[in-house]
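A short write-up of the structure that comes next.
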Amino acid sequence: MTDGIPPGTPPGAMLDGLVRLGLVGAGETVTGRALTGGVSCEVWRIDLPDGSGPVCVKHPLERLRVPGEWRVSTARARWEARWLRLAAEVLPDGAACPVRGFDEPGPVLVLDWLDPHQHALWKQQLMQGDISVPTAAEVGRRLVAVHATAAAPTYDLGAWEHARTLFTALRVDPYLRATARHHPDLERRFADLAAGLERAADTVVHGDVSPKNIVVGPCGPILLDAECAAPGDPAFDLAFCLNHLLLKAVRHPAHREALARAAAALRGGYLGGVDWEDPADLDRRAAALQPALALARVDGLSPVEYLTEDHGRPQVRRAAIPLLRLPPADTTELVDRWLMSTEPEEHPA
7 MTDGIPPGTP PGAMLDGLVR LGLVGAGETV TGRALTGGVS CEVWRIDLPD GSGPVCVKHP
67 LERLRVPGEW RVSTARARWE ARWLRLAAEV LPDGAACPVR GFDEPGPVLV LDWLDPHQHA
127 LWKQQLMQGD ISVPTAAEVG RRLVAVHATA AAPTYDLGAW EHARTLFTAL RVDPYLRATA
187 RHHPDLERRF ADLAAGLERA ADTVVHGDVS PKNIVVGPCG PILLDAECAA PGDPAFDLAF
247 CLNHLLLKAV RHPAHREALA RAAAALRGGY LGGVDWEDPA DLDRRAAALQ PALALARVDG
307 LSPVEYLTED HGRPQVRRAA IPLLRLPPAD TTELVDRWLM STEPEEHPA
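The numbering of the sequence shown is this note's numbering, which starts it at 7 and goes up by one.
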């Protein structure tokens, strides 16, 4: 978002990257606006001097903007650029964000600017009660299309191997291992899930399929912010997105049933495209991962901002812990048990 932020000169690292990419001439005056809301990158909307339109420019931070100590190599920008290019090859026109250029020395990633007047943030829609089941289904279909391409025998998955350590630093350690320290009685369960994610190499996972990283435009949903992309278990991406829908059902009890329908549509859209393994096996793994991810968003290194100890976090623990101890058979059972465990208590008048 740029509301209320005055225009200014972008950081030097961004300008240097734009010059190396040939998008800006040395010494040219460049202006833009910083975007708010992210924890992992400096992000600017920059107007190019040649009039070729505004662009979105990202420069990753080594230390993420969270209360705890969380440092990750900025090399992750390389894998984000590669994932976005893969998505653009796989998905129909308008369904992926075009990469204008990637400057590895920066590292600086330059993307086409998606006009917020035409591209609504999915998270904002969901939080406002605008819950589109077709949008959720299409997110599933687009995600599985990328997974299926990278899971094909002809795809060079080995080219992604160096991203594996970044996935551990960005997802396995801050989500699973950090949360396990708050729940020592579940340490073995978290350790097993972490080990499974670290050795998996079925496809390229996005790693951050969250509504805050999805915009809904004229051509449907577009997945952004693929900094966590790496070889891994595709069930992680399905579980990660389902988790956010279920967390929002805790935050907004009035929208529980609509969010459950969206979760079912996401699941159906996704599993309908799984052709590299038995969809039931993938569904079972996603159902096992979601409770761990849910607990991580209240007790891990990156808690969601809309749940507090007064509202939401205790309900998440009440739902997630039994699901970790007795995993559901699939994500349908997962959603049913989650809704039962987080049902709002009735208070006498």
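Glycine is no exception: its CB is placed at the ideal position from the N, C-alpha and C atoms.
Quick one: Cα of Leu-132 to Cα of Ala-266, how far? The straight-line gap from Cα to Cα measures roughly 12 Å.
Whole angstroms is fine: what's the gap from Ala-206's alpha carbon to Gly-31's? Just so you know, the alpha carbons of Ala-206 and Gly-31 end up roughly 44 Å apart.
Quick check on Glu-193: buried or exposed, where buried means 16 or more other Cβ atoms within 10 Å of its Cβ? Looking at its Cβ environment, which holds fewer than 16 other Cβ atoms inside 10 Å, Glu-193 is exposed.
On the DSSP letters alone, give me the boundaries of the alpha helix (DSSP H) that Gly-23 sits inside. Membership of Gly-23 in the alpha helix (DSSP H) is indicated by the continuous run 18 to 26.
Under 8 Å, Cβ to Cβ, is there at least one residue of chain C near Ala-206? Among the protein chains of the structure shown there is no chain C, as only one such chain exists.
Pair within 8 Å by beta-carbon distance, Leu-182 and Ala-298: Yes.
Enumerate in chain order the residues of its own chain whose CB-to-CB distance from Cys-47 is below 7 Å, with the five nearest sequence positions on each side excluded. Same-chain partners within the cutoff: Lys-64, His-65, Pro-66 and Leu-67.
Under the rule that 16 or more other beta-carbon atoms within 10 Å means buried, what is Arg-84, buried or exposed? It counts as buried.
Between the alpha carbons of Asp-158 and Trp-128, how many angstroms are there, rounded? One point to set straight first is that residue 158 is Ala, not Asp, in the sequence displayed. In a straight line, the C-alpha of Ala-158 is about 30 Å away from that of Trp-128.
Would Gly-164 be called buried (16 or more neighbouring beta carbons within 10 Å of its own) or exposed? The residue is exposed, with fewer than 16 neighbouring Cβ atoms inside 10 Å.
For Ala-264, count the other beta carbons within 10 Å of its own beta carbon; 16 or more makes it buried, fewer makes it exposed. Which is it? Counting the other Cβ atoms within 10 Å of the Cβ of Ala-264 gives 16 or more, which makes it buried.
Do you know how far the Cα of Gln-130 is from the Cα of Asp-53? Spanning the alpha carbons of Asp-53 and Gln-130 requires a straight line of approximately 26 Å.
Alpha-carbon to alpha-carbon, Arg-148 and Leu-97: In this structure, the straight-line span from the alpha carbon of Leu-97 to that of Arg-148 is close to 7 Å.
Compute the Euclidean distance between the alpha carbons of Arg-91 and Pro-13, then round it to the nearest angstrom. Take the alpha-carbon of Arg-91 and the one of Pro-13: they are about 30 Å apart.
Rounded to the nearest angstrom, how far is the Cβ of Leu-41 from that of Arg-26, given a contact under 8 Å? That belief does not hold up - the Cβ atoms of Leu-41 and Arg-26 are roughly 22 Å apart, past 8 Å.
Report buried or exposed for Ser-58, applying the criterion of at least 16 other Cβ atoms within 10 angstroms of its Cβ. By the neighbour-count criterion, in which 16 or more other beta carbons inside 10 Å mark a residue as buried, Ser-58 falls on the exposed side.
Just verifying my parser: in three-state terms, what is the DSSP assignment at Trp-50? Reduced to three states, the DSSP call for Trp-50 is strand.
Assumed close pair Val-210, Ala-235 - CB separation to whole angstroms, cut-off 8 Å: About 6 Å separates the two Cβ atoms, so the contact holds.
I'd like the ranges of any alpha helix (DSSP H) spanning at least 4 consecutive residues and lying wholly in the segment 149 to 205. You should have 170 to 173, 184 to 188 and 193 to 205.
Using C-beta distances below 7 Å, list every residue in its chain close to Pro-354, excluding the 5 sequence neighbours before and after it, in chain order. Caution is warranted here: a pLDDT of 40 is assigned to Pro-354, below 50, making its placement in the model unreliable, and the coordinate value is therefore given only provisionally. So the list is empty, once near-sequence residues are dropped.
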